[in-house]
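Participant:
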Amino acid sequence: MKEKFVKLSKPLLTACMALGAWVTIDIASYIFFGEYEYPKNPDEQ
């Protein structure tokens, strides 16, 4: 059972790391290149 879990957890961990890196890069690119608009408060409009 433990060996099966180890085999399964490696691709899962890799996928999580890839997703985390993608999200981090996505947020960073939005901030650096000004594509990201901060959510505006509807009351201020």
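In this text, residue positions in the sequence shown follow the numbering used here: the first is 1, and each later residue adds one.
C-beta: ideal position from N, C-alpha, C; glycine also.
Just so we're clear, the structure is a prediction, and the values are computed from it rather than from any experiment.
Taking just the CA atoms, how far does GLY34 sit from VAL23?
Facilitator: When rounded, the distance between both Cα atoms is 16 Å.
Participant: Kindly indicate which three-state DSSP category MET1 falls into: helix, strand or coil?
Facilitator: Correct three-state label for MET1: coil.
Participant: Please state the DSSP three-state secondary structure of GLY34.
Facilitator: Coil at GLY34, not helix or strand.
Participant: Between the C-alpha atoms of CYS16 and LEU8, what's the straight-line distance to the nearest angstrom?
Facilitator: Between CYS16 and LEU8, the C-alpha separation is close to 13 Å.
Participant: At the level of alpha carbons, what is the spacing between PHE32 and VAL6?
Facilitator: Each residue's alpha carbon lies about 38 Å from the other.
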